[in-house]
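Visitor: Sequential numbering of the sequence shown, starting at 971, is according to the numbering used here. From the three backbone atoms N, C-alpha and C, an ideal C-beta is built for every residue, glycine too. These numbers were taken from a predicted model, which means no experiment stands behind them. Quick one: structure below, then a few questions.
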Amino acid sequence: MPGFELYGAEERKEIMEVLETGIFFRYNHDEPRKGIWKSRELEAELCKRTGAAHAHVLSSGSTAVATALAACGIGAGDEVIVPPFTYVATVEAVLFVGAIPVFAEVDETLCLNVEGIRKAITPRTRAVAVVHMCGSMAQIDQIATLCKEHDLKLIEDSAQALGTTFRGQHVGTFGHAGTFSFDFFKIITAGEGGAVITNDKAVYEASAQYSDHGHDHIGNNRGMEQHPIIGFNYRISELHAAIALGQIRKVDHMLERQRANKAAIYEFLRQYRQITFRRIPDMEGDAATFLDFLLPTEEDARAVARQLAEAGVGVNYWYDNMYHYIRNWDHIRQLRSPNRLHIHTTGHQGYENYNLPKSDHLIGRLISLGIRVTWTPEQIQALQEKMKNVLDKHFAIAHV
Ligand SMILES: *Cc1c(COP(=O)(O)O)cnc(C)c1O
């Protein structure tokens, strides 16, 4: 899946241009930077690729979600509906802006859906943070309509979904703001980095200010501008932006390879009647970074995932891992923090007794195979053989 398979001359060239000027800061220094503005260039590329009117790049996908929430006006005591299946950063971001994460069920899309969101809405709900998990997408048209009806802000955490579209429209552009991550495991990887995209100029301006101490970035006399709002330092460096710029130009190639490689494995796996697949609302828009499939039971999934891993097949069994599903988020469930989170003052009791039977039933049976860009036909064949050995054996034993 990730861009780290493809580092090369393109990224080196971008980095060298920054090193030659010595200006690693994304703002000002107009004279010595000699026209090198990597962060700005990356923002232009993101707008081009996603069709969003505005993009602001910053330090990470996590700070992107927090910034997007803040820029949309979400703060103290507001409830934000989140999925229990995501990278934990989505939930942390809600807590870090002083808001309250409210977990809703996911469905066969492995994302939030209208039914789950509707059940989680209360008079204090102000926003929904949809996560387009594993390179595919939520049924985002229906969710956007529901959010409009209820006057809720819609933030799309698209950290894992650069290149993913729904009916030709890039994810992250259906609501008020979308976010991306360029960390080491994502589709494009700059080491660290992230972005907020939006069609709303006010959200863009608030994002740019919030992620840089409230600087308004008007004029080029750093330090003498106005501070319209309080912010913090969530800036990206020009070096990271440079790497991401080298990477983003490879996305079309990545998508093409991932889709072909995923299709080959899918054709093989669908022969097993015991295996079903994640529902993908628009197959053509799938970035194909993962092949997500479901086994009949949790026991089947755990056993098969273990045997596949032992056979050298790179699979994830999210239900048992520590960072992607609520079941193992003891720290979140108990709201453990070195300081007092705002949520403690609302009478919130934590999430010890979370009740998400549909999500448990799905994620407990889910296995995700990470798709590589650089697989050769021989490697794909070898992978299929390893999977065949494990699956034939498992199902023969399990279902005699
Ligand atoms: C990776 C990820 C993030 C956080 O991105 P970082 O750049 O690592 O901070 C947020 N949300 C989701 C869904 C992610 O997968």
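When you compare only the Cα positions, how much space is there between leucine 1065 and valine 1285?
Guide: Here residue 1065 is taken as the residue at index 95 of the sequence shown, counted from 1. Here residue 1285 is taken as the residue at index 315 of the sequence shown, counted from 1. Rounded to the nearest angstrom, the two C-alpha atoms are 30 Å apart.
Visitor: Have a look at alanine 1192 and glutamate 1085 and give me their C-alpha separation to the nearest angstrom.
Guide: Locating residue 1192 in the sequence shown gives position 222, counting from the first residue. Locating residue 1085 in the sequence shown gives position 115, counting from the first residue. As written in the sequence, residue 1192 is arginine, which differs from the alanine given in the question. Rounded to whole angstroms, arginine 1192 to glutamate 1085 spans 49 Å at the Cα level.
Visitor: If you measure from the CB of aspartate 1127, is any heavy atom of ligand 1 nearer than 7 Å?
Guide: Locating residue 1127 in the sequence shown gives position 157, counting from the first residue. Because some heavy atom of ligand 1 lies under 7 Å away, the Cβ of aspartate 1127 counts as near it: yes.
Visitor: Nearest-angstrom Cα distance between arginine 1303 and aspartate 1048?
Guide: Counting from one through the sequence shown, the residue named residue 1303 turns up at place 333. Counting from one through the sequence shown, the residue named residue 1048 turns up at place 78. Between the alpha carbons of arginine 1303 and aspartate 1048 lies a gap of roughly 18 Å.
Visitor: Rank His1223, Phe1263, Gly1068, Met1107 by C-alpha distance to the C-alpha of asparagine 1237 and give the top, closest one.
Guide: In the sequence shown, the residue the question calls residue 1237 occupies position 267. One point to set straight first is that residue 1237 is glutamate, not asparagine, in the sequence displayed. Closest option to glutamate 1237, Cα to Cα, is Phe1263.
Visitor: Would a C-beta distance cut-off of 8 Å place isoleucine 1213 and glycine 1161 closer than the cut-off?
Guide: Numbered from its first residue, the sequence shown carries residue 1213 at position 243. Numbered from its first residue, the sequence shown carries residue 1161 at position 191. Yes, the pair counts as a contact, with Cβ atoms nearer than the cut-off.
Visitor: Would the beta-carbon of glutamate 1162 be found less than 7 Å away from any heavy atom of ligand 1?
Guide: One-based indexing of the sequence shown puts residue 1162 at position 192. For ligand 1, at least one heavy atom lies less than 7 Å from the Cβ of glutamate 1162.
Visitor: How big is the Cα-Cα spacing for cysteine 1117 and valine 1098?
Guide: For the purposes of this step, residue 1117 is taken as the residue at position 147 of the sequence shown. For the purposes of this step, residue 1098 is taken as the residue at position 128 of the sequence shown. Looking at the two C-alpha atoms, the distance is approximately 8 Å.
Visitor: What residues match up with proline 1071 in a beta bridge as DSSP calls it?
Guide: Here residue 1071 refers to the residue found at position 101 of the sequence shown. Partner(s): Val1050.
Visitor: Please determine, among Glu1226, Leu1265, Ser1329, Thr1079, the residue with the shortest C-alpha to C-alpha distance to histidine 1364.
Guide: Translated into positions along the sequence shown, residue 1364 becomes position 394. Among Glu1226, Leu1265, Ser1329, Thr1079, the Cα nearest to that of histidine 1364 is on Leu1265.
Visitor: Roughly how many angstroms lie between the CA atoms of alanine 1371 and lysine 1008, to the nearest whole one?
Guide: A question about residue 1371 goes unanswered here, because the residues of the chain that appear run from 971 up to 1370.
Visitor: If the criterion is Cβ atoms closer than 8 Å, does the pair phenylalanine 995 and tyrosine 1295 meet it?
Guide: Taking the sequence shown and counting its residues from 1, one reaches residue 995 at position 25. Taking the sequence shown and counting its residues from 1, one reaches residue 1295 at position 325. Tyrosine 1295 sits away from phenylalanine 995, with the two beta carbons spaced by 8 Å or more.
Visitor: Looking at valine 1052 and threonine 1060, is the spacing between their C-beta atoms short of 8 Å?
Guide: Numbered from 1 along the sequence shown, position 90 holds the residue referred to as residue 1060. Numbered from 1 along the sequence shown, position 82 holds the residue referred to as residue 1052. Yes, they are a contact pair.
Visitor: Using a Cβ-Cβ cut-off of 6 Å (strictly less than) and excluding sequence neighbours within five positions of arginine 1248, which residues of its own chain qualify?
Guide: In the sequence shown, counting from the first residue as 1, residue 1248 sits at position 278. Leu1080, Asp1262, listed in sequence order.
Visitor: Looking at C-alpha atoms only, which residue of Thr1143, Thr1092, Ser1181, Arg1096 is the closest neighbour of serine 1029?
Guide: Here the question's residue 1029 lines up with position 59 in the sequence shown. The shortest C-alpha separation from serine 1029 is found at Ser1181.
Visitor: For leucine 1122, I'd like the list of residues in its chain whose CB is within less than 7 Å of its CB, leaving aside the five on either flank, ordered along the chain.
Guide: The residue labelled residue 1122 in the question sits at position 152 within the sequence shown. Once the five neighbours on either side are set aside, the close Cβ partners of leucine 1122 are Thr1095, Arg1096, Ala1097, Val1098.
Visitor: For tyrosine 1204, I'd like the list of residues in its chain whose CB is within less than 7 Å of its CB, leaving aside the five on either flank, ordered along the chain.
Guide: The residue labelled residue 1204 in the question sits at position 234 within the sequence shown. Correct list, in chain order: Leu1028, Ser1029, Thr1033, Thr1037, Ser1181.
Visitor: Can you tell me whether isoleucine 1167 is helix, strand or coil according to DSSP?
Guide: In the sequence shown, residue 1167 corresponds to position 197, counting from 1. Looking at isoleucine 1167 - three-state DSSP - the assignment turns out to be strand.
Visitor: Could you check the C-alpha separation between phenylalanine 1150 and cysteine 1017 for me, to the nearest Å?
Guide: Along the sequence shown, read from residue 1 onward, the residue named residue 1150 stands at position 180. Along the sequence shown, read from residue 1 onward, the residue named residue 1017 stands at position 47. Those two C-alpha atoms are separated by around 12 Å.
Visitor: For glycine 1138, is the beta carbon positioned less than 7 Å from some heavy atom of ligand 1?
Guide: In the sequence shown, the residue the question calls residue 1138 occupies position 168. Answer for glycine 1138: no, Cβ out of range of ligand 1.
Visitor: Nearest to leucine 1318 by CA position, among Lys1328, Asp1330, Leu1305, is which residue?
Guide: Position 348 of the sequence shown, counted from the first residue, corresponds to residue 1318. In the sequence as displayed, the identity of residue 1318 is histidine instead of leucine. Taking only the C-alpha atoms, the option nearest histidine 1318 is Leu1305.
Visitor: Return yes when at least one heavy atom of ligand 1 lies under 7 Å from the C-beta of glutamine 1228, else no.
Guide: Residue mapping note: residue 1228 aligns to position 258 of the sequence shown, counting from 1. Glutamine 1228 Cβ: outside cutoff for every heavy atom of ligand 1.
Visitor: Is the beta carbon of proline 972 closer than 8 Å to that of methionine 1392?
Guide: Because the chain here runs from 971 to 1370, residue 1392 falls outside it and cannot be looked at.
Visitor: Do aspartate 1000 and asparagine 1190 have their beta-carbon atoms positioned less than 8 Å apart in this structure?
Guide: Residue 1190 sits at position 220 when you count from the first residue of the sequence shown. Residue 1000 sits at position 30 when you count from the first residue of the sequence shown. Closer than 8 Å, so yes.
Visitor: Jot down the residue ranges of each uninterrupted alpha helix (DSSP H) in the region 1215-1285, minimum 4 residues, whole runs only, in chain order.
Guide: 1221-1239, 1268-1280
Visitor: For threonine 1135 and proline 1071, I'd like the C-alpha separation in whole angstroms.
Guide: Against the sequence shown, residue 1135 aligns to sequence position 165. Against the sequence shown, residue 1071 aligns to sequence position 101. Those two C-alpha atoms are separated by around 26 Å.
Visitor: With distances taken Cα to Cα, identify the nearest neighbour of lysine 1089 among Ala1074, Glu1013, Trp1288, Val1101.
Guide: The residue given as residue 1089 occupies position 119 in the sequence shown. Ranking Ala1074, Glu1013, Trp1288, Val1101 by Cα distance to lysine 1089 puts Ala1074 first.
Visitor: Buried or exposed, going by whether 16 or more other CB atoms sit within 10 Å of the CB of arginine 1003?
Guide: Mapped onto the sequence shown, residue 1003 falls at position 33. Buried, by the Cβ-count rule.
Visitor: Whole angstroms are fine: how far does the CA of phenylalanine 1202 sit from the CA of glutamine 1196?
Guide: Here residue 1196 refers to the residue found at position 226 when the sequence shown is read from its first residue. Here residue 1202 refers to the residue found at position 232 when the sequence shown is read from its first residue. Their Cα atoms are separated by approximately 15 Å.
Visitor: Would DSSP call phenylalanine 1365 helix, strand or coil?
Guide: Position 395 of the sequence shown, counting from 1, holds the residue named residue 1365. DSSP places phenylalanine 1365 in the helix class (H, G or I) of the three-state scheme.
Visitor: Give a yes or no on whether the C-beta atoms belonging to lysine 1358 and valine 1283 are separated by under 8 Å.
Guide: As a position in the sequence shown, residue 1358 is number 388, starting the count at 1. As a position in the sequence shown, residue 1283 is number 313, starting the count at 1. Not in contact: lysine 1358 and valine 1283 (Cβ atoms no closer than 8 Å).
Visitor: Tyrosine 1293 and alanine 1275: beta carbons closer than 8 Å?
Guide: Counted from its first residue, the sequence shown places residue 1293 at position 323. Counted from its first residue, the sequence shown places residue 1275 at position 305. Not a contact, by the Cβ cut-off of 8 Å.
Visitor: Flag tyrosine 1295 as yes when its Cβ comes closer than 7 Å to any non-hydrogen atom of ligand 1, and as no otherwise.
Guide: For the purposes of this step, residue 1295 is identified with residue 325 of the sequence shown, where counting begins at 1. The answer is no for tyrosine 1295.
Visitor: Please check the pair lysine 1220 and leucine 976, which I expect to be a contact at CB under 8 Å, by giving their CB distance rounded to whole angstroms.
Guide: Walking along the sequence shown from the start, residue 1220 turns up at place 250. Walking along the sequence shown from the start, residue 976 turns up at place 6. Confirmed, about 6 Å.
Visitor: Identify the residues that DSSP records as bridge partners of aspartate 1127: which are they?
Guide: Translated into the one-based positions of the sequence shown, residue 1127 becomes position 157. The partner list for aspartate 1127 (beta bridge, DSSP) reads Val1101, Thr1149.
Visitor: With DSSP as the reference, identify every bridge partner of asparagine 1203, one or two as the case may be.
Guide: Taking the sequence shown and counting its residues from 1, one reaches residue 1203 at position 233. For asparagine 1203, which the question treats as bridged, DSSP gives the partners Asp1182.
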